[in-house]
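Contents: one structure, followed by commentary.
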Amino acid sequence: MENLRFMLLPYNPNKPYYFGARFKILPYDFYMSGGAGIILSREALKQIAESLDNSTICQPASEVRYHDDLHLGECVANLGITSVDTRDNLVRL
-15 MENLRFMLLP YNPNKPYYFG ARFKILPYDF YMSGGAGIIL SREALKQIAE
35 SLDNSTICQP ASEVRYHDDL HLGECVANLG ITSVDTRDNL VRL
């Protein structure tokens, strides 16, 4: 937990951020792999929650036919939220 706390320290929770290990295979390189874990800043979570009723931004859950991490990544990309790949310079999580 301490490493996580230090990693997040420079980021303002009132700005929209989406943290995780970016999926590196096209055409899905816009989202973070859920297996490694995902962190959303307070503002990112707020924006996502406010957009759930807007099907042009986030598809309704009842219509989603694929993995939840991919669905979240599409919402985040449509909102223009800043994505931060959290792997280090040796590509470790």
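Just so we're aligned: 57 in the numbering used here is position 73 of the sequence shown, and the numbers increase by one with no gaps anywhere. All C-beta atoms in this analysis are idealised placements derived from N, C-alpha and C, irrespective of residue type, glycine included. Keep in mind it's a predicted model, so treat the numbers as computed, not measured.
Buried or exposed by the 16-neighbour rule on C-beta atoms within 10 Å, applied to residue i
i   : result
F7  : buried
A33 : exposed
S25 : buried
G57 : buried
6 Å CB neighbourhood of residue i in its chain, flanking five on each side removed
i      : result
I23    : F3
G21    : none
R(-11) : none
R67    : Looking at the sequence itself, residue 67 is Ser, so the reference to Arg does not match. Once the five neighbours on either side are set aside, the close Cβ partners of S67 are Y2.
Residues that residue i bridges to, as DSSP identifies them
i   : result
L24 : Y2
M16 : R6
S39 : Its beta-bridge partners do not exist; DSSP assigns none.
T66 : Y1
Spatial neighbours of residue i in its chain, beta-carbon cut-off 7 Å, leaving aside the 5 residues before and after
i      : result
Q31    : P0, L63 and I65
S35    : I41, C42, C59 and L63
Y(-5)  : Y1 and S25
N(-13) : none
M(-9)  : T70
N(-2)  : R26 and E27
Rounded distance between the beta-carbons of residue j and residue i, thought under 8 Å
i   : j  : result
R71 : A5 : 6 Å
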